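J.: Residues 72 to 285 in the working numbering are what the sequence shown spells out, letter by letter. The beta-carbon is built from N, C-alpha and C at its ideal position, and this holds for glycine as well. Owing to the predicted nature of the structure, the values given are computational and were not obtained by experimental measurement.
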Amino acid sequence: MAGWFITFEGVEGSGKTTQIRLAGEFLREKGFPVFMTQEPGGTPLGERIREILLNRGGFDISGEAEVFLFAAARAQHADAVIRPALEKGQVILCDRFSDATIAYQAYGRGLPLEAVREICRSASRGLSPRLTLLFDLPVEKGLERAFLRIAGREEANREDRFERENLDFHRRIREGYLTIAREEPGRVKIVDASRDIESTRIEVRAILSSFLGV
Ligand code: TYD
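1. Which class does Gln109 belong to by DSSP, given the choice of helix, strand or coil?
2. For Arg216, which option in Phe76, Glu118, Ile123 and Thr88 has the closest C-alpha, if you only look at C-alpha atoms?
3. Count the CB pairs spanning the region 182-194 and the region 255-271 that are closer than 8 Å, and state whether there are at least three.
4. Nearest-angstrom Cα distance between Phe233 and Phe206?
5. Pick helix, strand or coil for Ile244, following the three-state DSSP scheme.
6. For Arg92 and Arg235, I'd like the C-alpha separation in whole angstroms.
7. At which residues does the beta strand (DSSP E) containing Leu202 begin and terminate?
8. Can the beta-carbon of Glu262 be found less than 8 Å from the beta-carbon of Val82?
9. Less than 7 Å separating the Cβ of Arg167 from some heavy atom of the ligand TYD?
10. Secondary structure at Lys159, three-state DSSP: helix, strand or coil?
11. How about Ala217: is its Cβ closer than 7 Å to a heavy atom in the ligand TYD?
12. Taking its Cβ as the centre, do 16 or more other Cβ atoms sit within 10 Å of Ala222, making it buried, or is it exposed?
13. Which whole runs of the alpha helix (DSSP H) in the region 168-243 are 4 residues long or more, in chain order?
14. Is the beta carbon of Ser85 closer than 8 Å to that of Gly213?
15. What is the rounded straight-line gap between the Cα of Gly112 and the Cα of Arg245?
16. If we count Cβ pairs, one from each stretch, closer than 8 Å, do we get three or more for the region 101-118 versus the region 163-176?
17. Give every residue of the same chain whose Cβ lies closer than 6 Å to the Cβ of Ala142, excluding the five residues on either side of it in the sequence, and list them in chain order.
18. I'd like the span of the beta strand (DSSP E) that includes Phe141, first residue to last.
19. The ligand TYD heavy atoms versus the CB of Ser109: any closer than 7 Å?
20. Can you tell me where the beta strand (DSSP E) with Phe103 in it begins and where it stops?
21. Report all residues from its chain with a CB closer than 7 Å to the CB of Lys101; omit the five preceding and five following residues, and keep chain order.
22. Tell me whether Phe141 counts as near the ligand TYD, meaning its Cβ is closer than 7 Å to at least one heavy atom of that ligand.
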């Protein structure tokens, strides 16, 4: 496939959503055909699943049900959106992908790692990012930022089902992400996300420039 598949990952409040937007602007200025998308979401089906997963649904979702919902959204997204964009030669910047399922559902929720990996592989049919930027910071700091943002939203639009989990859950997720980064240092680049937006933006730019050769 001709394009580039790049993912942005991190714990709550890591600022990756701001950075993905800035990265998109930067790459467009450099003349790249950029396509930005997110998970869960990215397709009409994915957006519906996102509402179920992230809003206060008022009903329980078991860990197993949760992993399959994320996987269902991913299967549709990978086939209907990401593969076609790659074939068109686009640079895809995706807010979360399979690493999020490994970090949140396997490390965070405690579902068996190999089983979750297998679900991710079959959902994406082996599609994997060429580069992943992992925005890392202490979970306390990230959650503080995340709750400030959530407080500014209307009650009905609060996507806070994960933020409301306890600190240990978030610490396990951070550890999970850092483990993935240690296992795949060629693909996963850790970005220190505890700093201000501008310093992080400069580091992201440097990583993307060397990766895409600009
Ligand atoms: P995201 O939209 O990135 O939210 P935020 O901008 O607040 O980080 O992700 C939505 C939430 O879904 C986030 O709490 C992480 C969670 N998630 C999983 O648990 N598993 C997954 O596979 C994905 C893609 C997301």
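T.: By the coordinates alone:
1. If DSSP states are grouped into helix, strand and coil, Gln109 belongs with the strands.
2. Thr88
3. No: the two stretches stay apart, fewer than three of their Cβ pairs being nearer than 8 Å.
4. 17 Å
5. Here Ile244 sits in helix by DSSP.
6. 26 Å
7. Leu202 to Asp207
8. The identity of residue 262 in the sequence shown is Val, whereas the question assumes Glu. No, the pair does not count as a contact, with Cβ atoms beyond the cut-off.
9. yes
10. coil
11. Yes, since a heavy atom of the ligand TYD falls inside the 7 Å radius drawn around the Cβ of Ala217.
12. exposed
13. 169-172, 184-195 and 210-222
14. yes
15. Their backbone Cα atoms lie some 22 Å apart in a straight line.
16. yes
17. Ile190 and Ala194
18. Element bounds for Phe141: not the beta strand (DSSP E) but the alpha helix (DSSP H), Gly134 to His148.
19. The question names Ser, but residue 109 is Gln in the sequence shown. Yes.
20. No beta strand (DSSP E) holds Phe103; DSSP gives it neither H nor E.
21. Taken in chain order, the residues that qualify are Val285.
22. yes
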